[in-house]
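Residue numbers (my numbering), protein chains in the order written: chain A, 4 to 223; chain B, 4 to 223; chain C, 4 to 223; chain D, 4 to 223.
No residue lacks a Cβ here, since even glycine has one placed at the ideal position from N, Cα and C.
All values reported here derive from a predicted model rather than from experimental measurement.
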DNA sequence: AATGAATGAGAATTCATTCAT
DNA sequence: TATGAATGAATTCTCATTCAT
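And the structure:
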């Protein structure tokens, strides 16, 4: 009974919870539209609060950015879990991709965060790892059902989310669903009938900062 | 009198030309490595000149960025022209994409510039338009030879350059050629045997900032 | 009904008194350890109350600082009063100084407050004036008993408290009693056998902020 | 010939050198008057330059503070060196102290910097170490000539500089030479005729940050 | 009365751009 | 023309103080 039990102690927080929500929404929008370089003051303004309030909720800009990314990733993880129960694994994988790209389609910051090692926080990296694992679960089923090539991995799928989104991005302002075209193309490329071996082995992991050697030799 | 060949004025101009070249090279590197937020002072330092000299050659940072982008686009245009003479049009189209992605693979700034309407200068947009036209020429031949789907356009191909690059980007630090994998997947998706109609019509143009209506109705 | 002794209003007041005490203790510690720049939030936390409560008791940070200083000064005044009853006036004066420096030795803020005119509140200045008077009473007895030079005043003694403390301060972290060494040196300097006239007349008052002229001409 | 040889290369710097001097002067004043918390903008304004110019010359506020401290310490070191050649070592030691206190008398920041471990930069600490060594050289001669107690060290002398300054500080606004009075008292306390053993052993070093144990046992 | 969320003035610092030399 | 010093707007973040609950 989230709204019915307001004791005094909880009611004090009601404003704060509302502001936090406003902030996350405003920040999601602002990052999506303007990228990670959007000033905190802009986010505060969009949320209708003072600058100080942003910092009360998120002590640093990075914390806010991480929170936004985690929101996105958590939703994706939830979707992946849900789709594991679908009968048609190929369909489920496609739906997962569609959902993921749909989320990204509104988000300029994601590309920047994913691409920049300097912005990679442990929490976000871990969530991406988990996402790759879930995506691998979905992909494994699709492989077993013969819906996709044998050498496609969950990490491929996650990478393609960002890539397909990026492909359509220049069009999104005017045609917000244009990414569907490129998802279709990419998914056709993943299908099992494309039997020729891919010219480069599957990626192992997305961890960027690890100074260790690459996980497998370069394939000529 | 370095080479006995000129007046003082000419020598001065020669220095200037040399500095411009140094600057373009340094800026290309710096933008590629660090993205568009790299400070002008960093570029000046890499070029071995003073900050003022950068601004003499490029009155604003945007001008420099445009010059870099034009360089990149010019090279791509040249490649497209050259490949028009290849016999196998499907092969040629693939080579064009490989060359384009290879250029982008070393360039952090390109994704950022393409994605940000605020950074889109008329000159760059025009060059991208021209690139789409050349890509369309290559694509038309490939379509005619049955190498790719009937409803694939040059603009699709140009958009895919950025998208495929973005797909592989998180891997590029450790595996600089990982994009080849995703080019193969995408190109398989473009092939003619994928005959099902795409769920979204081909994009007409890439002009981002124009507030005019979209060129065709959204496809449900 | 904690002790069965009061109405709700009285209990509330009791809490308030308790909080005030907690706050003074916490603030004394915090100012002593960290200096005047310690944030109010730190003080609230140390006291185990919310920030708002600090401001209910002390409307501004300055008010709190003044309260702390008054505490310190009151203790010193009490010590001075007590020592007026000692038989050996020289000994008493020394004990007064030792007690004062001991208090300061644990207090980073005092030096900062004393040194900064901007922080000098009327109340604190008045207390310092009173302290100088009490110190003068002690000093007068010591002068009469031949324990210190004839031209030493109470104000000299009060100033020396801060000075001796400051002398030892860099050592206090590792050797909390190091000030005893410098008190001994200074007190030896005050003794009557040092009969040569001091090269500068005794200070009249400590009032710092008054823009009026100096109380006596500069001695060349 | 500092001013006579202005080549082009050096003339370019002429402004800069002048601004640096203005800045050091303004900062010395500002720190002396207001303490280390004076805003950089205040220093810029006093120097008549823009904020950015301060940061061009001193990349961080700490750098500026260190520069100011080093200026002061260098002057003191120079004085110590000069006074080593004086015949009367007691007189020389006193002159050293007078000179040091005179420098400090105009400087509020010194006390704060000396007292706050967090502000102790290696460079400053090293200079203070060197100053203690020079002071020890002067003190050793004075000890040998019987001018001061046998157990007074150079570190004592350096500590007394700050202490005597602090003693007089509240008076300095109105009576800039009041410190002479307290120097006389302190120096009388140092004299050899005060033969009673001091109640605390001499300090070994001023290094504050070292987490090692204290250099000698506490003397009761 | 207590709480702790919100406020907003201000601090250090960065960097594109201008301009004197 | 090249230089690099100066500028000042913008940005992140802090903290005393106010105020709704």
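Chain-ordered chain B contacts of residue i [CB-CB under 9 Å]
i	result
residue 58 of chain A	Residues of chain B passing the Cβ test: none, with the nearest at roughly 22 Å.
Residue-level contact to chain D via CB, residue i, 8 Å cutoff
i	result
residue 140 of chain C	no
residue 91 of chain C	no
residue 211 of chain C	With a pLDDT of 48 at residue 211 of chain C, under the threshold of 50, the modelled position of this residue cannot be trusted, and the question is left open.
is_contact[residue i, chain B] using C-beta, thresh 8 Å
i	result
residue 170 of chain A	yes
residue 183 of chain A	yes
Sheet register partners of residue i (DSSP bridge)
i	result
residue 194 of chain C	C:151
Min CB distance residue i to chain A below 8 Å
i	result
residue 32 of chain B	no
residue 62 of chain B	no
residue 217 of chain B	With a pLDDT of 33 at residue 217 of chain B, under the threshold of 50, the modelled position of that residue is not reliable, and the figure given next carries that caveat. Closer than 8 Å: yes.
CB of residue i within 8 Å of CB of residue j, strictly
i	j	result
residue 39 of chain B	residue 68 of chain B	yes
residue 166 of chain C	residue 167 of chain D	yes
residue 80 of chain B	residue 144 of chain B	no
residue 76 of chain C	residue 130 of chain C	yes
residue 49 of chain C	residue 33 of chain C	yes
residue 192 of chain D	residue 55 of chain C	no
residue 73 of chain A	residue 126 of chain A	yes
residue 157 of chain A	residue 135 of chain A	yes
residue 187 of chain C	residue 201 of chain D	yes
residue 169 of chain C	residue 183 of chain D	no
residue 261 of chain C	residue 61 of chain C	The displayed coordinates of chain C run from 4 to 223. Any statement about residue 261 of chain C would go beyond what the structure contains.
residue 176 of chain C	residue 124 of chain C	no
residue 171 of chain B	residue 185 of chain B	yes
Chain A contact residues for residue i, given Cβ-Cβ distances below 7 Å
i	result
residue 165 of chain B	169 and 170
Close Cβ partners of residue i (< 6 Å) along its chain, the five nearest in sequence each way excluded
i	result
residue 17 of chain B	none
residue 25 of chain C	50
residue 174 of chain A	181
residue 89 of chain D	95
residue 29 of chain A	46, 49 and 50
Where residue i meets chain A, residues with beta-carbon distance less than 9 Å
i	result
residue 42 of chain B	Residues of chain A passing the Cβ test: none, with the nearest at roughly 13 Å.
Interface flag, residue i vs chain C, CB-CB below 8 Å
i	result
residue 188 of chain D	yes
Within chain C, partners of residue i - CB distance below 9 Å
i	result
residue 192 of chain D	185, 187, 188, 189, 190, 191, 192, 193, 194 and 197
Cutoff 7 Å; reference residue i; Cβ partners in own chain excluding five residues on either side
i	result
residue 164 of chain A	100, 103, 104 and 107
residue 19 of chain D	none
residue 133 of chain D	80
residue 189 of chain A	163 and 167
residue 21 of chain C	none
residue 197 of chain A	152
residue 179 of chain B	108
residue 4 of chain C	The predicted position of residue 4 of chain C is uncertain, since its pLDDT is 44 and thus under 50; no value can be drawn from it.
Chain C contact residues for residue i, given Cβ-Cβ distances below 8 Å
i	result
residue 162 of chain D	170, 171, 173, 174 and 185
Residues near residue i in its chain [Cβ-Cβ closer than 8 Å; skip 5 each side]
i	result
residue 151 of chain D	93, 96, 142, 145, 193, 194 and 195
residue 140 of chain B	83, 87 and 157
residue 44 of chain D	54
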